[in-house]
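One structure below.
2 protein chains.
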Amino acid sequence: MAVYTDINDEELALLLADYDLGTAVAFKGVAEGVENSNFMLETTVGRYFLTVYEKRMKAEELPFFLDLMRWLARHDYPCASPVADRAGQTIKQVRGKLAAIIEFLPGLSVRRPTAAHCREAGEGLARLHLAARGFPGTRKPALGQAAWAPLFATLREDAEALKPGLAATIGTDLDRLARTWPQGLPQGIIHEDYFPDNVFFSGGKFAGAIDFYFACVDTLAYDIAVALNAWCFEADGSFNITSARALVAGYETHRPLSPAERQALPILAHGAAMRFFLTRLEAWGSTPAGALVRPKDPLEYERKLAVHREAPDLVLFGDQA
Amino acid sequence: MAVYTDINDEELALLLADYDLGTAVAFKGVAEGVENSNFMLETTVGRYFLTVYEKRMKAEELPFFLDLMRWLARHDYPCASPVADRAGQTIKQVRGKLAAIIEFLPGLSVRRPTAAHCREAGEGLARLHLAARGFPGTRKPALGQAAWAPLFATLREDAEALKPGLAATIGTDLDRLARTWPQGLPQGIIHEDYFPDNVFFSGGKFAGAIDFYFACVDTLAYDIAVALNAWCFEADGSFNITSARALVAGYETHRPLSPAERQALPILAHGAAMRFFLTRLEAWGSTPAGALVRPKDPLEYERKLAVHREAPDLVLFGDQA
Chain A
1 MAVYTDINDE ELALLLADYD LGTAVAFKGV AEGVENSNFM LETTVGRYFL
51 TVYEKRMKAE ELPFFLDLMR WLARHDYPCA SPVADRAGQT IKQVRGKLAA
101 IIEFLPGLSV RRPTAAHCRE AGEGLARLHL AARGFPGTRK PALGQAAWAP
151 LFATLREDAE ALKPGLAATI GTDLDRLART WPQGLPQGII HEDYFPDNVF
201 FSGGKFAGAI DFYFACVDTL AYDIAVALNA WCFEADGSFN ITSARALVAG
251 YETHRPLSPA ERQALPILAH GAAMRFFLTR LEAWGSTPAG ALVRPKDPLE
301 YERKLAVHRE APDLVLFGDQ A
Chain B
1 MAVYTDINDE ELALLLADYD LGTAVAFKGV AEGVENSNFM LETTVGRYFL
51 TVYEKRMKAE ELPFFLDLMR WLARHDYPCA SPVADRAGQT IKQVRGKLAA
101 IIEFLPGLSV RRPTAAHCRE AGEGLARLHL AARGFPGTRK PALGQAAWAP
151 LFATLREDAE ALKPGLAATI GTDLDRLART WPQGLPQGII HEDYFPDNVF
201 FSGGKFAGAI DFYFACVDTL AYDIAVALNA WCFEADGSFN ITSARALVAG
251 YETHRPLSPA ERQALPILAH GAAMRFFLTR LEAWGSTPAG ALVRPKDPLE
301 YERKLAVHRE APDLVLFGDQ A
């Protein structure tokens, strides 16, 4: 949950004065997103979100994200599009911070996705990849494979503290990932954080995606790998192969994978588990003892890493198994 | 901000199955209220709030609060009314906790109330007192004058830690309040927490009140005194007499005060400042060091106490000054 910035009625009225959105009818901080402050904003014209970008958002990167959201919405992808003010601006300032008014996207996220949800989520991910084709913006991955070993160099002690012996295991993993990381697979805009809480459903059907603030240009199949980790593990840590196949099958109804992409999925999934393990480990180590808000447990992803590590030759996905 | 309880899509669907409210379209945790968890709930039928009551809510008291909200709504008072399920129940269970679905009340709270807002707020408070007449429920004040000295007995060290010498000053205040506390003034249902964040405006006009979970039967004019403290102090700690008169004048357009009530306002305001000073001091002392969520600063109310303490004979309110 996150409301780091407090916006009062006067600041809100001042902001809305720049738009053709009428006046505020209701305004409530929303416990959604972990990086930015989000507010539900109802005006005499419609319903919106106000997002206030906190310090982790780099000002020079925001246009890429907002332009992408707008591009996707204009290319029939269900996502919340930023609203321009009368001067055509989507990026505003509130309390000295960057802010944007975003359209309201209805839908519900699911906590425990079924295989049917996974199929829908896979379809939604492929549609995203297709809708983003031709988008002129570009952004390098901030947390791509090349970044993992340098990041881990700063976190060896945290890993050891989490579980004795873990630093060496992760080091071996990273060597293997560096050696075997797939090259030359189709690239494009990826969401990079396509987790269940960023995907909305309506009546069991895919209804849209939110939170594009990790989006970048990278290997498209890596986005599937992130999703496989996020959607297809059971609460007990086991990998649900039925859900995984459903997700990939849903994806392929819109964008069939090449044999090389399909073959790369296990190593991409191992890498995606590494990426989220490392960033969770980093957040874990930097949280003061006694804090009321605890970050997500890095051990969840340590267990996923172990699953991928121990079954490297298994054909995990698709119809070959 | 507060979302202590996490409700997933399955639990929500199960809850909604008991109501004639359709199915969920959107559901978001809201950073509102400090005692309970609140969610914005949009269904195919309309918009609501789901409140999940946390441990400070006593199960035997909840019917009083919900019945009062329903009574007020039915007596033309703009407040969010609980919705009954098909069996006529307003109190439900989610995750083993008590919960209620409440109607959505539009409106915006103001951060820095003007004198015009104070007049409207005063009108809204008098309307509340009148609308509650005849309500059959009853509840003793949990934090009325009789409770302050015993509460302070447990907080002397915290007061001293806050400001050396403060424990003795508060002790003297409490003696004086016990000696001079007004008796025999008109009683009725009071809100007891009529702060700006619990009052909604629409186009500058009073639009309703929320958060009735401190309501009880007590001296009606004490509710005005709570509001005077909450609405009529400037950020620099000075008491805004114009705002105070506007609040009382607004109140009196619906319910004129008796001379005894008017005369009692300064001591009631002193007492109301004491009540919030003590509960903030208590919350302050019980928060672990390093916690990300800090409670409200008790010194704000320590300064208000000082204002009331140093001007005991001043006719602060009304047309005599």
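Sequence lines, in order, name chains A and B.
If you read the first sequence in UniProt numbering, its first letter stands for residue 1, the second for the next number, and so on.
If you read the second sequence in UniProt numbering, its first letter stands for residue 1, the second for the next number, and so on.
Every residue gets a Cβ at the ideal spot worked out from N, C-alpha and C, and that includes glycine.
Can you name the residues of chain A whose CB is closer than 9 Å to the CB of B/N240? Ordered by position in chain A, no residue passes the 9 Å Cβ test against B/N240, which lies about 17 Å from the chain.
Could you have a look at B/Y251 and say whether DSSP puts it in helix, strand or coil? B/Y251: helix per DSSP, three-state reduction.
At a cut of 8 Å, does the stretch 300-309 of chain B reach the stretch 230-239 of chain B through at least three beta carbon pairs? Yes, the stretch 300-309 of chain B touches the stretch 230-239 of chain B.
Excluding the 5 residues flanking A/E42 on each side, which residues of the same chain have their C-beta closer than 6 Å to its C-beta? Closer than 6 Å at the Cβ level, and outside the excluded window around A/E42, lie V25 and A26.
CA-CA distance, A/S109 and A/G165? Approximately 37 Å, taken between the alpha carbons.
Determine the closest residue to A/Q89 out of A/R95, A/A99 and A/V307, with distance taken between C-alpha atoms. For the residues A/R95, A/A99 and A/V307, the minimum Cα distance to A/Q89 belongs to A/A99.
Between which residues of its own chain and A/K205 is the CB-CB distance below 7 Å, once the five residues before and five after are set aside? Beyond the five residues adjoining it in sequence on each side, A/K205 comes within less than 7 Å, by CB distance, of E120 in the same chain, given in chain order.
Can you tell me whether A/A99 is helix, strand or coil according to DSSP? Reduced to three states, the DSSP call for A/A99 is strand.
Using 8 Å as the limit for Cβ to Cβ distance, is B/A225 near chain A? So, not an interface residue.
So which residues of chain B does A/K28 contact, with C-beta pairs closer than 8 Å? Those are V30, A31, E32 and M40, listed as they occur along chain B.
Can you grab the Cα-Cα spacing for the pair B/L125 / B/G208, in whole Å? If you draw a straight line from the Cα of B/L125 to the Cα of B/G208, it comes to about 10 Å.
Rounded C-beta distance between B/L151 and B/Q187? I'm assuming under 8 Å. With 8 Å as the limit, B/L151 and B/Q187 do not qualify as a contact, their Cβ atoms being about 22 Å apart.
Residues of chain A with CB closer than 8 Å to the CB of B/A24, please, in chain order. Within chain A, the residues placing a beta-carbon under 8 Å from that of B/A24 are L108, ordered along the chain.
Under three-state DSSP, which class holds A/L108? Note: A/L108 maps to strand in three-state DSSP.
For A/I102, which of A/F212, A/G171, A/T279 and A/A167 has the nearest alpha-carbon? It is A/F212.
When you compare only the Cα positions, how much space is there between B/L143 and A/I190? Taking the Cα positions, B/L143 is about 55 Å away from A/I190.
So, are the CB atoms of A/V226 and A/Y251 less than 8 Å apart? No, they are not a contact pair.
To which residues of the same chain is B/E310 closer than 8 Å at the C-beta, ignoring the five residues directly before and after it? No residues qualify anywhere along the chain.
Assuming A/N36 is part of the beta strand (DSSP E), what are its boundary residues? DSSP places A/N36 outside any beta strand (DSSP E), giving it a letter other than H or E.
Per the contact definition of three or more C-beta pairs closer than 8 Å, is the stretch 170-188 of chain A in contact with the stretch 65-81 of chain A? Touching, no.
Please give the ranges of any beta strand (DSSP E) in the stretch 157-196 of chain B, keeping only runs that are unbroken, at least 3 residues long and fully inside the region. Fully enclosed beta strand (DSSP E) runs of 3 or longer: 187-190.
So what's A/Y48 in DSSP terms, helix, strand or just coil? If DSSP states are grouped into helix, strand and coil, A/Y48 belongs with the strands.
Roughly how many whole angstroms lie between the Cα atoms of A/L12 and A/D18? Spanning the two alpha carbons is a distance of roughly 10 Å.
Which residue comes first and which comes last in the alpha helix (DSSP H) that contains A/D218? Per DSSP, A/D218 is not a residue of any alpha helix (DSSP H); the beta strand (DSSP E) it occupies stretches across C216 to T219.
In this structure, does DSSP put A/E261 in helix, strand or coil? Correct three-state label for A/E261: helix.
Take B/A31 as the anchor and find which of B/W181, B/L14, B/A159 and B/F49 has the nearest alpha-carbon. When the alpha-carbon of B/A31 is set against those of B/W181, B/L14, B/A159 and B/F49, the nearest one is in B/F49.
Ordered along the chain, which non-local residues of its own chain (more than five positions away) have a Cβ less than 6 Å from that of A/R156? Answer for A/R156: A167, listed in chain order.
Kindly indicate if chain B contains any beta-carbon less than 8 Å away from that of A/D197. No, A/D197 lies away from the interface with chain B (no Cβ there is under 8 Å from its Cβ).
What does A/C79 pair with, by DSSP beta-bridge criteria? Beta-bridge pairing links A/C79 to A/A209.
By a C-beta neighbour count over all protein chains shown, 10 Å radius and 16 as the cutoff for buried, is B/Q93 buried or exposed? By the neighbour-count rule (16 or more Cβ atoms within 10 Å), B/Q93 is not buried but exposed.
Does chain C have any CB closer than 8 Å to the CB of B/R111? In the structure shown, chain C cannot be found, because the protein chains are A and B.
To the nearest whole angstrom, what separates the beta carbons of B/E192 and B/D223, a pair I think is in contact under 8 Å? Contact flag correct, Cβ pair sits at about 7 Å.
Proximity winner among B/P256, B/A147, B/F239 and B/R262, relative to B/A115 (alpha-carbon distances): Of the listed residues, the one whose Cα sits closest to B/A115 is B/F239.
Per DSSP, which residues does A/Q93 bridge with? Please list them. Within the DSSP secondary-structure output, A/Q93 pairs in a beta bridge with A/L98.
Taking the beta strand (DSSP E) that A/G29 falls in, what are its first and last residues? Going by DSSP, A/G29 is part of the beta strand (DSSP E) stretching over A24 to V30.
Does the Cβ-Cβ distance between B/F135 and B/R47 come in under 8 Å? The Cβ atoms of B/F135 and B/R47 lie no closer than 8 Å to each other.
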